[in-house]
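S.K.: Have a look at this one before I ask anything.
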Amino acid sequence: MAAGVIGAFTAVLRRELRLAARARAEWLMPPLFFVIVVTLFGLGAKPNDPLLADFAPAILWVGALLAALLTLERLFRADYEDGTLEQIFIAPAPAIAAIAAKLSAHWLLTGLPLALLAAPLAAALGFPSAALPALTAGLALGTPVLSLIGGFAAALTVGLPRAGVLLPLLVLPLVTPIVIFGAGAARAAQSGLPADAPLYFLAAVLVLGLTLLPWATTAALRNAFE
Amino acid sequence: MWTWFHRLASPPTFYRLADRLVPWLGLLAAGLLGYGIFGGLLLAPADYQQGDAFRIIYVHVPAAALSLSVYVLMAAAGAVAVIWRIKLAECVLVAAAPIGASFTALALVTGMLWGKPMWGAYWVWDARLTSELILLFLYAGVIGLNQAIEEPRAAARACGLLALIGVINVPIVHYSVEWWNSLHQGSTILKLGRPNMSADMARPLYAALLGTYCFFGVALLRRVQNELLLRERGTAWVKEQLRSAHV
Amino acid sequence: MSSSFWNMGGYAVYVWGSYGLAAAVLAWNLLAPRLRRHDILKELSAEE
Amino acid sequence: MSLIAVENLAVARGGRTLLRGLDLAVQAGEVLHLRGGNGAGKTSLLEVLCGLRVPLEGAFRQRPEPQALHWLGHKNALNLALTPLENLGFWCGLNSVAEDALLPVLQRLGIERLRHRPCRTLSAGQKRRCALARLLLAPRPLWLLDEPLDGLDAQGLGLFAQLLAEHLGRGGAAIVTSHQPLPPGVPGVREWQLA
Numbered sequence: 001m002a003a004g005v006i007g008a009f010t011a012v013l014r015r016e017l018r019l020a021a022r023a024r025a026e027w028l029m030p031p032l033f034f035v036i037v038v039t040l041f042g043l044g045a046k047p048n049d050p051l052l053a054d055f056a057p058a059i060l061w062v063g064a065l066l067a068a069l070l071t072l073e074r075l076f077r078a079d080y081e082d083g084t085l086e087q088i089f090i091a092p093a094p095a096i097a098a099i100a101a102k103l104s105a106h107w108l109l110t111g112l113p114l115a116l117l118a119a120p121l122a123a124a125l126g127f128p129s130a131a132l133p134a135l136t137a138g139l140a141l142g143t144p145v146l147s148l149i150g151g152f153a154a155a156l157t158v159g160l161p162r163a164g165v166l167l168p169l170l171v172l173p174l175v176t177p178i179v180i181f182g183a184g185a186a187r188a189a190q191s192g193l194p195a196d197a198p199l200y201f202l203a204a205v206l207v208l209g210l211t212l213l214p215w216a217t218t219a220a221l222r223n224a225f226e
Numbered sequence: 227m228w229t230w231f232h233r234l235a236s237p238p239t240f241y242r243l244a245d246r247l248v249p250w251l252g253l254l255a256a257g258l259l260g261y262g263i264f265g266g267l268l269l270a271p272a273d274y275q276q277g278d279a280f281r282i283i284y285v286h287v288p289a290a291a292l293s294l295s296v297y298v299l300m301a302a303a304g305a306v307a308v309i310w311r312i313k314l315a316e317c318v319l320v321a322a323a324p325i326g327a328s329f330t331a332l333a334l335v336t337g338m339l340w341g342k343p344m345w346g347a348y349w350v351w352d353a354r355l356t357s358e359l360i361l362l363f364l365y366a367g368v369i370g371l372n373q374a375i376e377e378p379r380a381a382a383r384a385c386g387l388l389a390l391i392g393v394i395n396v397p398i399v400h401y402s403v404e405w406w407n408s409l410h411q412g413s414t415i416l417k418l419g420r421p422n423m424s425a426d427m428a429r430p431l432y433a434a435l436l437g438t439y440c441f442f443g444v445a446l447l448r449r450v451q452n453e454l455l456l457r458e459r460g461t462a463w464v465k466e467q468l469r470s471a472h473v
Numbered sequence: 474m475s476s477s478f479w480n481m482g483g484y485a486v487y488v489w490g491s492y493g494l495a496a497a498v499l500a501w502n503l504l505a506p507r508l509r510r511h512d513i514l515k516e517l518s519a520e521e
Numbered sequence: 522m523s524l525i526a527v528e529n530l531a532v533a534r535g536g537r538t539l540l541r542g543l544d545l546a547v548q549a550g551e552v553l554h555l556r557g558g559n560g561a562g563k564t565s566l567l568e569v570l571c572g573l574r575v576p577l578e579g580a581f582r583q584r585p586e587p588q589a590l591h592w593l594g595h596k597n598a599l600n601l602a603l604t605p606l607e608n609l610g611f612w613c614g615l616n617s618v619a620e621d622a623l624l625p626v627l628q629r630l631g632i633e634r635l636r637h638r639p640c641r642t643l644s645a646g647q648k649r650r651c652a653l654a655r656l657l658l659a660p661r662p663l664w665l666l667d668e669p670l671d672g673l674d675a676q677g678l679g680l681f682a683q684l685l686a687e688h689l690g691r692g693g694a695a696i697v698t699s700h701q702p703l704p705p706g707v708p709g710v711r712e713w714q715l716a
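Chains as they are written, first to last, in this note's numbering: chain A, 1 to 226; chain B, 227 to 473; chain C, 474 to 521; chain D, 522 to 716.
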């Protein structure tokens with residue numbers, strides 16, 4: 001049984017990475033979008049406006065959040081339409097293993113790059129480099145939750161023609177706590193205060209998400225067959 | 227024990243039960259709300275700090291309390307709908323969403339109307355107002371999802387899952403908003419022990435609160451009946467209802 | 474009714490605004506299911 | 522001993538009940554050919570039998586294990602950006618099946634030359650053969666096939682009949698839905714007309 005689970009997980013993960021390599025442009029969109037959004041904020045403010053640094057946590061978190069939404073709709077849609085999802089649910093290994101692999105692939109391909117990209121962009125906004133670790137740690141803990149909640153919302157809307165309209169409405173209310181704590185951690189570090197309280201809370205939300213959301217996503221996908 | 231639940235959950239039984247229950251519940255709601263509003267506007271003395279503006283709590287507090295309870299009810303109905311696929315639970319979930327959303331909006335706006343004289347601005351990033359706003363988004367998500375999926379039973383199960391994840395999120399949102407916002411006005415009734423509200427202020431509030439819940443019962447039962455008619459179309463008992471409705 | 478009742482110690486707009494909205498929400502929650510019921514009955518009986 | 526048996530099954534789709542009070546069992550060496558017009562519930566019934574969907578009513582008297590059944594739906598479960606080799610290789614990994622059987626199976630189905638081309642460039646018949654290849658990758662007694670003949674040319678039909686006959690010879694069973702009659706040469710076919 002365990003061999004089956006790991007086998008299914010790695011098979012799906014390898015396939016996702018291979019698919020991403022085939023359609024590289026699609027997976028470059030989120031980081032590109034993130035950079036553009038942050039640049040727009042810079043252009044929107046006075047040149048080298050010191051206030052930008054104060055708003056950097058908010059700008060970076062909201063930018064990362066919206067960028068992560070871009071690749072959500074495609075997460076299950078192709079597999080639902082071509083029948084691969086049916087094979088995943090029919091296979092001996094529990095479907096949750098394959099679904100967890102897909103959510104992890106989304107984080108690897110979308111969440112992680114955004115988290116790594118945040119530091120240079122923050123510096124560009126005048127964010128103090130001493131606080132960069134707290135910002136990056138926050139994003140490193142928060143982006144997986146984005147992939148989990150986003151994957152769940154994508155699963156709920158997989159069969160719908162215009163899911164793109166509904167996804168943000170489903171995802172954004174559910175991710176407000178991690179934006180509050182993520183940006184909060186960055187702001188605390190920015191003003192020299194310890195940022196571990198919000199970071200611990202982000203970690204707690206991540207653990208809660210890891211235990212609940214793969215199951216909920218699998219149930220939502222199974223429901224889409226009805 | 228299980229059989230009575232199964233009998234209650236059968237659509238025709240529940241439909242007729244609702245018909246018998248609604249008049250009494252409506253009477254109770256009217257009485258309680260009547261006393262609550264009358265007491266709140268006339269009997270209760272003005273608050274020494276907020277003056278007459280405090281009378282808004284007779285509308286704001288029941289709406290805020292209900293908005294939260296209805297979401298919890300939706301999550302419970304959702305769990306039953308997802309796990310046991312009971313049609314009645316699906317109807318309760320789908321019927322409760324718009325009612326809950328309307329009371330959440332009411333709580334939000336009355337909170338803002340109450341905030342203006344107190345804090346000088348309609349919108350203040352106060353923990354409770356912000357949580358209420360996020361709750362409204364959660365409701366919008368459930369309603370949006372329900373309308374997006376054509377097949378009613380699959381839609382109800384999807385909304386059930388969303389409500390389940392949403393309800394887990396509500397306390398997290400509340401705590402995170404509170405952590406983020408030190409300016410937090412303690413909720414007036416929940417302060418047990420030293421209620422800073424005199425008895426004749428609090429009595430109408432409890433009445434308004436109970437009356438609002440009874441009112442919710444009436445509105446929910448009516449909407450559940452509608453959903454039952456739709457989902458059981460073509461069955462004998464629905465045909466029988468159609469005939470008696472026209473006569 | 475004394476005039477001070479209506480002007481609610483100067484907060485008339487906020488208090489009566491809130492109560493008016495509450496009345497609207499209560500009315501909508503009573504009316505909407507009734508109207509929908511009417512449509513449903515019409516739709517279902519047409520299908521008979 | 523039957524490989525699958527259900528009693529008093531009711532199947533619904535989109536809120537509408539398609540089938541009701543269905544009793545069905547399939548023994549080893551037998552092919553049950555489900556016939557019926559569009560919307561008669563053929564696909565929905567198979568989706569319930571293979572465990573993809575939950576029946577409205579009724580129960581399984583004999584339920585096959587997931588590793589004891591193959592499911593071939595309308596959709597071929599092939600990602601168009603990947604090649605047949607990659608798609609079927611993924612299926613093997615998903616089902617913990619050894620990949621060394623891949624090449625001989627592709628040869629048997631006459632599509633080994635196409636194994637490195639993205640499935641986007643394959644014809645409907647060639648894609649269907651890739652889907653049929655899954656049936657040979659892992660020996661599983663029960664085949665649930667939804668319109669397996671879709672897009673197959675004459676040569677493909679003959680090949681399918683041969684594969685099915687061999688499968689039955691090995692004590693396997695199958696439930697097949699199809700508009701057209703099954704190709705000749707398949708023993709033990711039982712017709713079942715869905716209302």
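Backbone N, C-alpha and C fix where the C-beta goes; we use that ideal spot for every residue, glycine too.
Using DSSP bridges, identify the partner residues of D:Val532.
M.R.: D:Leu540
S.K.: What's the call for D:Pro625, buried or exposed, on a 16-neighbour Cβ count within 10 Å?
M.R.: exposed
S.K.: From D:Arg534 to B:Ala302, what does the alpha carbon distance come to, in whole angstroms?
M.R.: 25 Å
S.K.: Measure from the C-beta of B:Pro378 to each C-beta in chain D and report whether the shortest distance is under 9 Å.
M.R.: yes
S.K.: Spatial neighbours of B:Ser413 within its chain, please: CB distance less than 6 Å, with the 5 preceding and 5 following residues excluded, ordered by chain position.
M.R.: With a pLDDT of only 44 at B:Ser413, under 50, the local geometry of the prediction cannot be trusted, and the value read off the model is given with reservation. No residues qualify anywhere along the chain.
S.K.: Helix, strand or coil: which one does DSSP assign to D:Ala694?
M.R.: strand
S.K.: Does DSSP put A:Leu193 in a helix, a strand or coil?
M.R.: coil
S.K.: Return the CA-CA distance between B:Ala307 and B:Phe231, expressed in angstroms with no decimal places.
M.R.: 14 Å
S.K.: Name the residues in the segment 164-178 of chain A whose C-beta lies less than 8 Å from a C-beta of chain B; which are they?
M.R.: Leu166, Leu169, Leu170, Leu172, Pro173, Leu174, Thr176, Pro177
S.K.: Among D:Gln583, D:Arg537, D:Glu578, D:Leu545, which residue has its Cα nearest to the Cα of B:Thr461?
M.R.: D:Arg537
S.K.: Would you call D:Leu530 buried or exposed, if buried means 16 or more other Cβ atoms sit within 10 Å of its Cβ?
M.R.: buried
S.K.: So A:Phe152 contacts chain B; which residues on that side make the cut at Cβ distance below 7 Å?
M.R.: Ile391
S.K.: Under a three-way DSSP split, which group does B:Trp349 fall into?
M.R.: coil
S.K.: Please state whether the Cβ-Cβ distance between D:Leu590 and D:Leu665 is less than 9 Å.
M.R.: yes
S.K.: Please name the residue or residues paired with B:Ala264 in a DSSP beta bridge.
M.R.: Correcting the residue identity first, residue 264 of chain B is Phe in this sequence and not Ala. The partner list for B:Phe264 (beta bridge, DSSP) is empty, contrary to what the question assumes.
S.K.: Tell me which residues share the same chain as A:Tyr80 and place their Cβ nearer than 6 Å to its Cβ, disregarding the 5 neighbours each side in the sequence.
M.R.: Val158
S.K.: Beta-carbon separation of B:Leu259 and B:Ala433 under 9 Å?
M.R.: yes
S.K.: Along the chain, where does the alpha helix (DSSP H) containing A:Phe34 start, and where does it finish?
M.R.: 24-44
S.K.: I need the DSSP call for B:Ser424, collapsed to helix, strand or coil.
M.R.: coil
S.K.: Which residue from B:Leu468, B:Ala380, B:Leu454, B:Ser470 puts its Cα closest to that of B:Tyr241?
M.R.: B:Leu454
S.K.: Tell me, which residues are paired with D:Gln548 by DSSP?
M.R.: D:Ser523
S.K.: When you compare the CB of A:Gly111 with every CB in chain D, is at least one pair closer than 9 Å?
M.R.: no
S.K.: The beta strand (DSSP E) spanning D:Glu578 covers which residue range?
M.R.: 578-583
S.K.: Quick one: which chain B residues come within Cβ less than 7 Å of D:Gly535?
M.R.: Glu377
S.K.: Going by DSSP, what residues sit across from D:Glu712 in a beta bridge?
M.R.: Answer is D:His554, bridged to D:Glu712.
S.K.: Touching or not, the segment 509-516 of chain C and the segment 657-675 of chain D, by the rule of three or more beta carbon pairs under 8 Å?
M.R.: no
S.K.: Find the residues of chain C that neighbour B:Trp340, judging by a C-beta separation of less than 8 Å, and give them in chain order.
M.R.: Near B:Trp340 (Cβ distances below 8 Å), the residues of chain C are Tyr487, Ser491.
S.K.: Label D:Arg650 either buried or exposed according to how many other C-beta atoms from any shown protein chain fall within 10 Å of its C-beta, with 16 as the threshold for buried.
M.R.: buried
S.K.: Less than 8 Å between the CB atoms is what I'm expecting for A:Gly118 and A:Leu135, so what's the real figure, rounded?
M.R.: Just to set this straight, residue 118 of chain A is Ala in the shown sequence, not Gly. With a Cβ gap of about 6 Å, A:Ala118 and A:Leu135 count as contacting.
S.K.: Taking buried to mean at least 16 other C-beta atoms within 10 Å of its own C-beta, is C:Phe478 buried or exposed?
M.R.: Residue environment for C:Phe478: exposed (fewer than 16 other C-beta atoms within 10 angstroms of its C-beta).
S.K.: Does DSSP put B:Leu447 in a helix, a strand or coil?
M.R.: helix
S.K.: Going by the beta-carbon positions, is the gap between D:Ala694 and D:Val552 smaller than 9 Å?
M.R.: yes
S.K.: By the three-class DSSP mapping on this structure, what secondary structure does A:Asp49 have?
M.R.: coil
S.K.: Can you tell me whether B:Gly277 is helix, strand or coil according to DSSP?
M.R.: strand
S.K.: Can you give the Cα-Cα distance for B:Val320 and D:Val707, rounded to whole angstroms?
M.R.: 51 Å
S.K.: For the segment 9-35 of chain A, which residues have a CB atom closer than 9 Å to at least one CB atom of chain D, in sequence order?
M.R.: Thr10, Ala11, Val12, Arg14, Arg15, Arg18, Leu19, Arg22, Ala23
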